[in-house]
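Heads up: the sequence lines are chains A and B, in that order.
For the first sequence, the working numbering begins at 9 and goes up steadily by one.
For the second sequence, the working numbering begins at 9 and goes up steadily by one.
Each residue gets a CB set at the ideal place from its N, CA and C atoms; glycine is no exception.
These figures come from a predicted structure and were not determined experimentally.
There are 2 protein chains.
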Amino acid sequence: MLLKDIEELAKASDNIYILGHMNPDGDCIGATLGLAMLLNKKGIKANVLLKDVPSTYNFLPLGKWIADKEPNKVDLLISLDCGDITRFGEYQKYVDQAKTIINIDHHISNTNFGNYNHVVGGASSTCEIIYDMIEDKLLIDADIASALYTGIIYDTGVFKHSCTTENTHNIAGSLIAYGFDFTEIINKLFSYKTLTGLRAQSKAIENLQMFSLDKIVLTYLTRNEIQSLNATKKHTESIVQMLNEIENVECSVFIYETDLHEHKISLRSKGAVDVCKVAQYFGGGGHKKASGFSLEGHLSTVIQKIVSVINEQLVMSS
Amino acid sequence: MLLKDIEELAKASDNIYILGHMNPDGDCIGATLGLAMLLNKKGIKANVLLKDVPSTYNFLPLGKWIADKEPNKVDLLISLDCGDITRFGEYQKYVDQAKTIINIDHHISNTNFGNYNHVVGGASSTCEIIYDMIEDKLLIDADIASALYTGIIYDTGVFKHSCTTENTHNIAGSLIAYGFDFTEIINKLFSYKTLTGLRAQSKAIENLQMFSLDKIVLTYLTRNEIQSLNATKKHTESIVQMLNEIENVECSVFIYETDLHEHKISLRSKGAVDVCKVAQYFGGGGHKKASGFSLEGHLSTVIQKIVSVINEQLVMSS
């Protein structure tokens, strides 16, 4: 599928909307915005339907392209970066009413729910797919380039994850040639820290415990600590990944006390331990290398239970 | 200059050595090793002269290519990534005895000390230059590719610094296509942490102070703290950069107490404050965005002095 195919379907349609998934991430935001701008260059008005876009992405011209009210009617729905319709949340209603659905995505698990499905499993990101769909690269400008670049660095972890290919780098090279401050985008998405976030991190390192010959690293923040730091869940999001970057650690655990004896647990693995299985044991879910769940009880009991289940997975993996 | 020009000079020479600068960094190590392997593919034996290569780089086949003893005689000396001959340290003696010097570098300040000078100021790294010198890309294998890739990500901060160009990305794309674990290289150079390093970081955040409407962030580790953490200077190297990534901070300071009332100070700036001038005031040096110096005295006085001089620079920049 090429941009001109979307153009053709769009010219035969009124009320065109581009839809991303719930809790949109960098790839979803970059792709929806990038496509809206590209279609606009072709004289096609398509608004973006996105909710809860994090303020981190304010460097993109979000206000100009995100629909300011819910549509009465959707004829052509272009879904980007969404593996199945349940991930649309309340916007799922538009799937039912749309005459035509174009489904563009890079998740191999995509259920092909569209009338037109363009699913490229080998692509690093939906933004990479959108770039490859552009026949006439003269359509691209610095705004479009920065939106697509944002999605690519988000989903590749700045060209680090194994989904990065030769094509990914070639596209990134073409995009930065349009001239935008890619250093600042990488800083905003990956480097910049808040003082509160750093203090939460420091406290978490203080509380850190090692288990199973230092293969498991675990830490927590209690309600009192969180309150006295004036922190929120957002300030603690990078802690579990930071722990997982300790040399020789196989699996890391961060426990966030949400209420008295109520905890939200995040898990990361370098690959040997399947933390999705650990999360599933406790009624949670996720992926092999990143998962999460909730657990009630005294902190010491919670720690004991989690370490014991991870240990089982560790033994199975060795 | 192309690889075949080096080949020609090499064929007319005995005792060929490739030389990097003192305290070699990722670009210097990647480039010297990469070139040694490339010349070997052309049937030319050239050993690398490098001292104090950090163990982080053990993923490269260093042992095979670094000369295991000092040469008696150097005829052809190929200098890589070195701006002037003072940076060779004790290896400067080979500059005097070499019949021919080839000088390949990307620092615009390069003094062109060679008989043949190939200085490309616009290149992100010396590794990028070496890649562009290879006429026949079939010479490249996974080992050569990983060495050149190492230099590129080191000098661009994984494609983040403004020295990254379209060409840089295109080269990186071609290199990863040779098949090596680039994720692991990025992790080893930029992500992996030691537990001691994290604990030093945590303690430094605890000691943190803000000045000048939070534009200056400063912290320190005392001798006692360093000893009780069982830490060395190496474990504290990332602290000043981490502080500089706090939103809205313009300048960051890390003070390391080396001995009673003796301190080593590292400075970073986001760009507005020229920290080289601050360092020069105290007899140190460096660059506009990164510099350092030593200072004696009570910690409280040292802090007062440093903040006062940075404040002057802050006022001048506003």
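Task: Buried versus exposed call for residue 1/B [16 or more other C-beta atoms within 10 Å across all chains shown] - done: Any property of residue 1/B remains undetermined from this structure, which presents chain B solely from 9 to 326.
Task: Proximity of residue 225/B and residue 277/B at Cβ, strictly below 8 angstroms - done: Indexing the second sequence from 1 puts residue 225/B at position 217. Indexing the second sequence from 1 puts residue 277/B at position 269. Taking 8 angstroms as the Cβ cut-off, residue 225/B and residue 277/B do not qualify as a contacting pair.
Open item on the list: Give me the DSSP bridge partner(s) of residue 225/A.
Closed with: Taking the first sequence and counting its residues from 1, one reaches residue 225/A at position 217. In DSSP, residue 225/A forms a bridge with 218/A and 260/A.
Task: Contacting positions in the region 180 to 191 of chain A - beta carbon closer than 8 angstroms to chain B - done: 180, 181, 182, 184, 185, 190 and 191
Task: Among 206/A, 321/A and 287/A, nearest to residue 247/A - alpha-carbon criterion - done: Along the first sequence, one-based indexing puts residue 247/A at 239. The shortest C-alpha separation from residue 247/A is found at 206/A.
TODO: Identify the contact partners of residue 277/B in chain A, using a Cβ-Cβ distance below 9 angstroms as the criterion.
DONE: Reading the second sequence from its first residue, position 269 is the one you call residue 277/B. Near residue 277/B there are no residues of chain A at all, since even the closest Cβ is about 14 angstroms away, more than 9 angstroms.
Open item on the list: For a contact defined as C-beta to C-beta under 9 angstroms, what are the partners of residue 148/B on chain A?
Closed with: Your numbering for residue 148/B matches position 140 in the second sequence. Within 9 angstroms Cβ-Cβ: nothing; residue 148/B doesn't reach chain A, min ~13 angstroms.
Task: Per-residue DSSP class, three states only, for residue 29/A - done: For the purposes of this step, residue 29/A is identified with residue 21 of the first sequence, where counting begins at 1. Residue state, collapsed to three classes: coil.
TODO: Please confirm whether residue 24/A and residue 52/A have their CB atoms less than 8 angstroms apart.
DONE: In the first sequence, residue 24/A corresponds to position 16, counting from 1. In the first sequence, residue 52/A corresponds to position 44, counting from 1. In this structure, residue 52/A lies closer than 8 angstroms to residue 24/A by Cβ.
Task: Cutoff 8 angstroms: residue 166/B Cβ touching any chain A Cβ - done: As a position in the second sequence, residue 166/B is number 158, starting the count at 1. Judged by the 8 angstroms Cβ criterion, residue 166/B is in contact with chain A.
TODO: State buried or exposed for residue 59/A, treating a residue as buried only when at least 16 other CB atoms are found within 10 Å of its CB.
DONE: By one-based count along the first sequence, residue 59/A stands at place 51. Exposed, since its Cβ has fewer than 16 Cβ neighbours within 10 Å.
TODO: In the DSSP assignment, find the beta strand (DSSP E) that holds residue 277/A and state where it starts and stops.
DONE: Numbered from its first residue, the first sequence carries residue 277/A at position 269. It spans 270 to 277 - the beta strand (DSSP E) in which residue 277/A sits, taken as one unbroken run.
Open item on the list: Using a Cβ-Cβ distance cut-off of 8 angstroms, determine whether residue 47/A contacts chain B.
Closed with: Position 39 of the first sequence, counted from the first residue, corresponds to residue 47/A. Residue 47/A does not count as touching chain B.
TODO: Below 8 angstroms CB to CB, which residues in the same chain sit around residue 235/B once its five sequence neighbours on both sides are set aside?
DONE: The residue you call residue 235/B lines up with position 227 of the second sequence. Cβ neighbours of residue 235/B beyond the five flanking positions: none.
- [ ] Starting from residue 188/B, follow its DSSP beta bridges and name the residues at the other end.
- [x] Translated into the one-based positions of the second sequence, residue 188/B becomes position 180. Note: residue 188/B sits in no beta bridge, so no partner.
Task: Collapsed DSSP secondary structure at residue 166/A in the structure displayed - done: The residue you call residue 166/A lines up with position 158 of the first sequence. Of the three classes helix, strand and coil, the one that applies to residue 166/A here is coil, per DSSP.
Open item on the list: Once DSSP output is grouped into helix, strand and coil, what is the label at residue 21/A?
Closed with: To locate residue 21/A, count along the first sequence from 1; it is residue 13. Coil.
- [ ] For residue 145/B, count neighbouring C-beta atoms within 10 Å of its own C-beta (all shown protein chains included) and say buried if the count is 16 or more, exposed if not.
- [x] Translated into the one-based positions of the second sequence, residue 145/B becomes position 137. With fewer than 16 Cβ atoms within 10 Å of its Cβ, residue 145/B is classed as exposed.
Open item on the list: According to DSSP, simplified to helix, strand and coil, what is residue 10/B?
Closed with: Position 2 of the second sequence, counting from 1, holds the residue named residue 10/B. DSSP places residue 10/B in coil when its eight states are reduced to three.
TODO: Look at the alpha carbon of residue 321/A and the alpha carbon of residue 62/A, and state the distance between them as a whole number of angstroms.
DONE: Residue mapping note: residue 321/A aligns to position 313 of the first sequence, counting from 1. Residue mapping note: residue 62/A aligns to position 54 of the first sequence, counting from 1. Looking at the two C-alpha atoms, the distance is approximately 35 angstroms.
Task: Segments of 3+ residues assigned as beta strand (DSSP E) that fall wholly inside the region 281 to 321 of chain B - done: 298 to 304
Open item on the list: Give me, in chain order, the residues of the same chain whose beta-carbon lies closer than 8 angstroms to that of residue 192/A; leave out the 5 immediate sequence neighbours on both sides.
Closed with: On the first sequence, position 184 is the one that residue 192/A refers to. Here the set comprises 67.
Open item on the list: I want to verify the contact list: residues of chain A whose CB lies under 7 angstroms from the CB of residue 274/B, in sequence order.
Closed with: Position 266 of the second sequence holds residue 274/B. Under the 7 angstroms cutoff, chain A gives no residues; its nearest Cβ is about 17 angstroms from residue 274/B.
- [ ] Compare the C-beta of residue 234/B against all C-beta atoms of chain A and say whether one is closer than 8 angstroms.
- [x] As a first step, residue 234/B is located in the second sequence; it is residue number 226 there, counting from the start. Not closer than 8 angstroms to any Cβ of chain A, the Cβ of residue 234/B fails to qualify, so no.
TODO: Could you tell me the distance, in whole angstroms, from the CA atom of residue 138/B to the CA atom of residue 228/B?
DONE: For the purposes of this step, residue 138/B is taken as the residue at position 130 of the second sequence. For the purposes of this step, residue 228/B is taken as the residue at position 220 of the second sequence. Approximately 41 angstroms, taken between the alpha carbons.
- [ ] Enumerate in chain order the residues of its own chain whose CB-to-CB distance from residue 54/B is below 6 angstroms, with the five nearest sequence positions on each side excluded.
- [x] Counting from one through the second sequence, the residue named residue 54/B turns up at place 46. Here the set comprises 24, 26, 44 and 47.
- [ ] Might you give, ordered along the chain, the residues of its own chain that have their beta carbon closer than 6 angstroms to the beta carbon of residue 208/A, omitting 5 neighbours on each side?
- [x] Taking the first sequence and counting its residues from 1, one reaches residue 208/A at position 200. Excluding sequence neighbours, residue 208/A sits near 237, 239, 243 and 244.
- [ ] Kindly say whether residue 177/A, judged by its beta-carbon, lies nearer than 8 angstroms to any beta-carbon of chain B.
- [x] Here residue 177/A refers to the residue found at position 169 of the first sequence. Closer than 8 angstroms to some Cβ of chain B, the Cβ of residue 177/A qualifies, so yes.
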